[in-house]
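Asks: Going letter by letter, the sequence shown gives residues 625 to 791 in the numbering used here. Idealized CB from N, CA, C, for every residue including glycine. Because the structure is a prediction, the values reported are computed rather than measured. I have a structure here, written as structure tokens, and I will follow up with some questions on it.
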Amino acid sequence: MVKVLYVCLGNICRSPLGEVTFNALVKERGLEEEFQADSAGTAGYHVGKQADARSQKVAQKHGLTIDHVVRKVSLEDLDEFDHIAVMDEQNFEDLHTMYYEAKGFPPSTDKLFLIRDFDPEVRGVHEVPDPYFEGDKAFEEVFQILQRSNEKLLEHLVDKYEISAPE
Ligand code: 4NP
């Protein structure tokens, strides 16, 4: 089982959408035995809550349900997950520091990366913009970015782990 952890700041807006879109793609392709995603935040402000109502709404609009309780990223996650996909440069910096301090060496680019590195439509900075202070349009944009990026990420992981399509 290959495990992917999506990380943003609050674990209420972006990373639950990363998790749910990845898991839906996995299900569509019949790869549930091979891949699984979860999500967490670098900050603990919203621990124990449900995802932001606007993330839930955009997921539902696309036929998906977010069933996630907000949690903060932990040291155990660094070993538990094969890949950690972050939303922005600040998340990257925070996870990189956490990893370096725990292990004494930096994470590989395969272990820790910006999810938008996989977005075929990205221009400029490879970040998923924080929609927290924005409206529904920003949440739809986040959804589309993550959907596009996750299609490419999943293709990459299927190749990397030489996973063949189910019968
Ligand atoms: P997220 O968005 O990192 O995508 O979950 C945010 C959630 C909460 C806050 C900021 C961004 N906040 O400041 O509480």
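1) Taking 7 Å as the threshold (C-beta atoms), are A675 and H686 in contact?
2) Are L736 and I769 touching if we call contact CB-CB under 7 Å?
3) Closer than 6 Å to a non-hydrogen atom of the ligand 4NP - does that hold for the CB of R638?
4) G634: beta carbon under 6 Å from a heavy atom of the ligand 4NP?
5) Assuming M711 and V752 form a contact by the criterion Cβ under 8 Å, report the distance between their Cβ atoms to the nearest whole angstrom.
6) Three Cβ pairs or more, each shorter than 8 Å: is that satisfied between the stretch 742-749 and the stretch 720-734?
7) Any contact of the stretch 692-707 with the stretch 653-669, i.e. 3+ C-beta pairs under 8 Å?
8) Going residue by residue through the stretch 696-767, where are the continuous beta strand (DSSP E) segments of at least 3 residues, counting only ones entirely within it?
9) Ignoring anything shorter than 3 residues or poking outside the stretch 626-670, list the beta strand (DSSP E) runs there in chain order.
10) Taking a contact to mean a Cβ-Cβ separation below 7 Å, would you say A677 touches V644 in this structure?
11) Within 6 Å: the Cβ of Y669 and any heavy atom of the ligand 4NP?
12) Between which two residues does the alpha helix (DSSP H) harbouring S679 extend?
13) Rounded to a whole number of angstroms, what is the C-alpha to C-alpha distance between A726 and D703?
Replies: Working from what's here:
1) If you number the sequence shown from 1, residue 686 lands on position 62. If you number the sequence shown from 1, residue 675 lands on position 51. Cβ atoms of H686 and A675: not closer than 7 Å.
2) As a first step, residue 736 must be located in the sequence shown, where it is residue number 112. As a first step, residue 769 must be located in the sequence shown, where it is residue number 145. Against a cut-off of 7 Å, the Cβ pair of I769 and L736 comes out as no contact.
3) In the sequence shown, the residue the question calls residue 638 occupies position 14. Yes - the ligand 4NP has a heavy atom lying nearer than 6 Å to the Cβ of R638.
4) One-based indexing of the sequence shown puts residue 634 at position 10. Yes - the ligand 4NP has a heavy atom lying nearer than 6 Å to the Cβ of G634.
5) Here residue 711 refers to the residue found at position 87 when the sequence shown is read from its first residue. Here residue 752 refers to the residue found at position 128 when the sequence shown is read from its first residue. 4 Å between Cβ atoms; contact.
6) no
7) yes
8) 707-710, 736-738
9) 626-632, 659-665
10) Position 53 of the sequence shown, counted from the start, is the residue given in the question as residue 677. Position 20 of the sequence shown, counted from the start, is the residue given in the question as residue 644. It is not a contact, given that the beta carbons lie outside the stated cut-off.
11) As a first step, residue 669 must be located in the sequence shown, where it is residue number 45. At least one heavy atom of the ligand 4NP is nearer than 6 Å to the Cβ of Y669, so yes.
12) Your numbering for residue 679 matches position 55 in the sequence shown. From DSSP, the alpha helix (DSSP H) with S679 extends over 677-685.
13) Numbered from 1 along the sequence shown, position 102 holds the residue referred to as residue 726. Numbered from 1 along the sequence shown, position 79 holds the residue referred to as residue 703. Each residue's alpha carbon lies about 11 Å from the other.
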